[in-house]
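Colleague: Per this note's numbering, the very first residue in the sequence shown carries number 404; after that it's consecutive.
The beta carbon of each residue, even a glycine, is placed where N, CA and C say it ideally should be.
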Amino acid sequence: MADLSELYQQVILDHNKKPRNFRVLETANRRQEGYNPLCGDQLTLYLEMEGEAIKDVAFQGQGCAISKASASMMTAAVKGKSKAEAETMFEEFHRMVKGELDPESEENHLGRLKILSGVREFPARVKCASLSWHTLHAALEGKDESVSTEQPDDGT
Ligand code: ZN
404 MADLSELYQQ
414 VILDHNKKPR
424 NFRVLETANR
434 RQEGYNPLCG
444 DQLTLYLEME
454 GEAIKDVAFQ
464 GQGCAISKAS
474 ASMMTAAVKG
484 KSKAEAETMF
494 EEFHRMVKGE
504 LDPESEENHL
514 GRLKILSGVR
524 EFPARVKCAS
534 LSWHTLHAAL
544 EGKDESVSTE
554 QPDDGT
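1) How far does the alpha helix (DSSP H) with residue 469 in it reach, from first residue to last?
2) Could you check if residue 470 belongs to the surroundings of the ligand ZN, using beta carbon to heavy atom distance under 7 Å?
3) Between the segment 481 to 492 and the segment 452 to 460, can you find at least three pairs of beta-carbon atoms closer than 8 Å?
4) Among 522, 544, 447 and 527, which one has its Cα closest to the Cα of residue 410?
5) Enumerated in chain order, which unbroken segments of the alpha helix (DSSP H) with a length of 4 residues or greater are wholly contained in the segment 488 to 519?
6) Cβ atoms of residue 453 and residue 428: under 8 Å apart, would you say?
7) Taking just the CA atoms, how far does residue 539 sit from residue 414?
8) Determine contact between the segment 488 to 505 and the segment 435 to 443, defined as no fewer than three beta-carbon pairs at a distance below 8 Å.
9) I need the DSSP call for residue 552, collapsed to helix, strand or coil.
10) Hey, is residue 437 close to the ligand ZN, as in C-beta under 7 Å from one of its heavy atoms?
11) Quick one: does the C-beta of residue 454 sit closer than 7 Å to a heavy atom of the ligand ZN?
12) Is residue 529 helix, strand or coil by DSSP?
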C-alpha cells in the first residue's frame, strides 16, 4: 500500500501543477458551476456535447490539490466518451471514493482514476474528489443548452 499512496501523491501533485483541460472552452454548449463549501473548492465545467457524445470538456476554478487533480483526471477520462459511459464512471467513482467499490477486486471502467481510491482513507476529502464528478453529472442531466448561475436559486 505504501507504493499506492506514493503514486497517489505523485499523481495529485502532477495534476495540481499541470491540470489537464484547464481552460475556458469556447465551443461549449453546456456550462455548470460546482462548489464544495466544506473546503471552498469551486469550479466551472464546460462541455461540448455532440448528440450523446462528449466531444470536448474543460474546466476552470480554484480549490485544493485533490479537487483540482480530480477535475483534471475526470476531464481526461470522459473526453470522447458517451453520456452513458460518463454516467457509469461517475457512479463507479462515487462508490469508490466512499469505499463501496474496491477497484482492485470489482470490475469497473475507472482505469487510471482508481489511483484516487486513496481518498477513501480521508473522509473529509471525499467531497473534494467527487466535486467535479457531481458537476459533470449535473451538466449531463441539464436540459438547457447552457446552465447559468444567474437562474433563481432552486435549492441545489
Ligand atoms: Zn478541497
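Modeller: In short, the structure shows the following:
1) Your numbering for residue 469 matches position 66 in the sequence shown. Where residue 469 is concerned, the enclosing alpha helix (DSSP H) stretches over 468 to 481.
2) Taking the first residue of the sequence shown as 1, we reach residue 470 at position 67. Residue 470 Cβ: within cutoff of the ligand ZN.
3) With a cut-off of 8 Å, the segment 481 to 492 and the segment 452 to 460 count as touching, because enough Cβ pairs lie within range.
4) Position 7 of the sequence shown holds residue 410. Among 522, 544, 447 and 527, the Cα nearest to that of residue 410 belongs to 522.
5) Annotation: the segment 488 to 519 contains no complete segment of the alpha helix (DSSP H) (minimum length 4 residues).
6) If you number the sequence shown from 1, residue 428 lands on position 25. If you number the sequence shown from 1, residue 453 lands on position 50. No.
7) Mapped onto the sequence shown, residue 414 falls at position 11. Mapped onto the sequence shown, residue 539 falls at position 136. Just so you know, the alpha carbons of residue 414 and residue 539 end up roughly 21 Å apart.
8) Pairwise C-beta distances place the segment 488 to 505 out of contact with the segment 435 to 443, as fewer than three of them are shorter than 8 Å.
9) Sequence index remark: in the sequence shown, residue 552 carries index 149 (1-based). Unreliable positioning characterises residue 552 in this predicted model, as indicated by a pLDDT of 39, which lies under 50. The coordinate reading is nonetheless provided below. Residue 552 sits in coil when the DSSP states are folded into three classes, being neither helix nor strand.
10) For the purposes of this step, residue 437 is taken as the residue at position 34 of the sequence shown. The beta carbon of residue 437 sits no closer than 7 Å to any heavy atom of the ligand ZN.
11) Numbered from its first residue, the sequence shown carries residue 454 at position 51. No, the ligand ZN has no heavy atom inside 7 Å of this Cβ.
12) On the sequence shown, position 126 is the one that residue 529 refers to. Annotated three-state conformation of residue 529 is helix, per DSSP.
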